[in-house]
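Residue numbers (the working numbering), protein chains in the order written: chain L, 1474 to 1618; chain C, 1474 to 1618.
There are 2 protein chains.
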Amino acid sequence: MNRDTRLSDVLHVLLHMEQANELLTSDVLARSMGTNPAVFRRTMAGLREAGLVRSEKGHGGGWQLARPLYEITLLDVYEALGRPNLFAIGNRSEHAECLVEKNVNAVMVDTMAEAATLFTTRFGEITLDQIAPRHPVSASVHAHR
Amino acid sequence: MNRDTRLSDVLHVLLHMEQANELLTSDVLARSMGTNPAVFRRTMAGLREAGLVRSEKGHGGGWQLARPLYEITLLDVYEALGRPNLFAIGNRSEHAECLVEKNVNAVMVDTMAEAATLFTTRFGEITLDQIAPRHPVSASVHAHR
DNA sequence: CGATTATGTATCTCTAACTGTTACATGTGT
DNA sequence: ACACATGTAACAGTTAGAGATACATAATCG
């Protein structure tokens, strides 16, 4: 089971977008994310709808942040991605008749709910400027693979 | 990404094994788990090696618990399954050069480590008898699908 | 206006991980 | 011997997600 790296990928790109301080195209940003422009746009669509970033079409178009880093929490980004599933484990059937299965499910669901709360709490506490390196790494966006 | 239901499945079967109080075959238990005997054996191999259950070959063979329910924690079962991956999210690359990526990874890794600790703590606190219904549901193992 | 450049998105293909399946060797009791 | 059960390797099938392609839409430049 491969992990969903979208949150990590998007955070990465957002920080680079801030450092660039100019419009960057899907083509450039997708390379920085290690993918292709269509996947990049698909991934960023939610962030645009959530008002975290802006995109402009046509000549000289591209992407930029719609808010300063300190006004974006990890939770904002996570939710803009559509709150992707956090866990790789779960119950096979949700509505069980069997009393044993009900009890087993309850334990799993409770623990996962507690862990999910932990995630959203932590994510809500962290703003993107807290992740940004103090001193800009580089003025240009570069690929990492 | 489909969820790994092995922990839930195995807990379910273990509780039924206890209620039966006799050797049950892979064939019967696999049905109760909603799969086939080979998958069942593959899944239970770790539990046998961990000493949570015993299996016997040949005529009249099958599976039984090797310990009472109150001496088995969910953590024991989870570890016997090989500590399957808990999370559906993660970082794309683990050893990044880029300082931005390093920071992003650190946040993700920290939060996931904290959540993992929560899981193992909760799992370690719960013994199987705490999940078992007070009064036996049924003397026979039955399928649920 | 037309050419160019960029996003928006539907649709299809590809792939990797896992489950399911089959086959057969090994062991056990009658 | 024979029947029955586990142990496990090897192969097939499934499927969710990423990757790729195509094309419509929109904005800017000359």
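In this text, a Cβ means the ideal position worked out from N, Cα and C, and glycines have one as well.
| Item | Value |
| --- | --- |
| Contacts that L:ASN1564 makes with chain C (C-beta to C-beta distance below 7 Å) | THR1478, SER1481 |
| DSSP state of L:HIS1615 mapped onto helix, strand, coil | In this predicted model, L:HIS1615 has a pLDDT of only 45, less than 50, meaning its place in the structure is not dependable; the value taken from the coordinates is given anyway. Correct three-state label for L:HIS1615: coil. |
| Beta-carbon proximity of L:ILE1604 to L:LEU1488, cut-off 8 Å | yes |
| Member of C:ARG1504, C:GLU1491, C:ASN1509, C:LEU1484 whose CA lies at the smallest distance from the CA of C:PRO1541 | C:GLU1491 |
| beta-carbon C:VAL1501 near the ligand ZN non-hydrogen atom, thresh 7 Å | The ligand content of the structure shown is nil, which means the ligand ZN is not present either. |
| Chain C within 8 Å of L:THR1584, Cβ atoms only | yes |
| Near-chain C residues of the stretch 1532-1558 of chain L (beta-carbon distance less than 8 Å), N- to C-terminal order | LEU1547, PRO1557, ASN1558 |
| C-beta neighbour in chain L for C:MET1517, strict 8 Å | no |
| DSSP bridge partner residues for C:GLU1438 (one or two, in chain order) | Because chain C here runs from 1474 to 1618, residue 1438 of chain C falls outside it and cannot be looked at. |
| Between the CA atoms of C:VAL1486 and L:THR1546 - distance to the nearest angstrom | 42 Å |
| With 16 other Cβ atoms within 10 Å as the buried cut-off, status of C:ASP1477 | buried |
| Contact list for L:VAL1512 against chain C, beta-carbon separation under 7 Å | Neighbours of L:VAL1512 on chain C: none; closest Cβ ~13 Å, over 7 Å. |
| 8 Å Cβ cutoff, L:LEU1497 in contact with chain C | no |
| Whole-number beta carbon distance between L:LEU1572 and L:LEU1480, since they are thought to touch under 8 Å | With a Cβ gap of about 38 Å, L:LEU1480 and L:LEU1572 do not count as contacting. |
| Inter-residue Cα distance where the pair is C:GLY1534 and L:THR1600 | 59 Å |
| Through-space distance from L:LEU1502 to L:LEU1496, alpha-carbon basis | 10 Å |
| Reduced DSSP category for C:THR1600 - H, G, I as helix; E, B as strand; rest coil | strand |
| Distance CB(L:LEU1559)-CB(L:ALA1579) smaller than 8 Å | no |
| Simplified DSSP assignment, three categories, for C:LEU1480 | helix |
| With 16 other Cβ atoms within 10 Å as the buried cut-off, status of C:GLU1574 | buried |
| Residues bridged to C:ILE1562 [DSSP beta-bridge criterion] | L:ASP1477 |
| Alpha carbon of L:ARG1514 to alpha carbon of L:LEU1520, nearest angstrom | 10 Å |
| Residues bridged to L:LEU1497 [DSSP beta-bridge criterion] | L:TRP1536 |
| C:ASP1500 classed as buried or exposed, judged by whether at least 16 other C-beta atoms fall within 10 angstroms | exposed |
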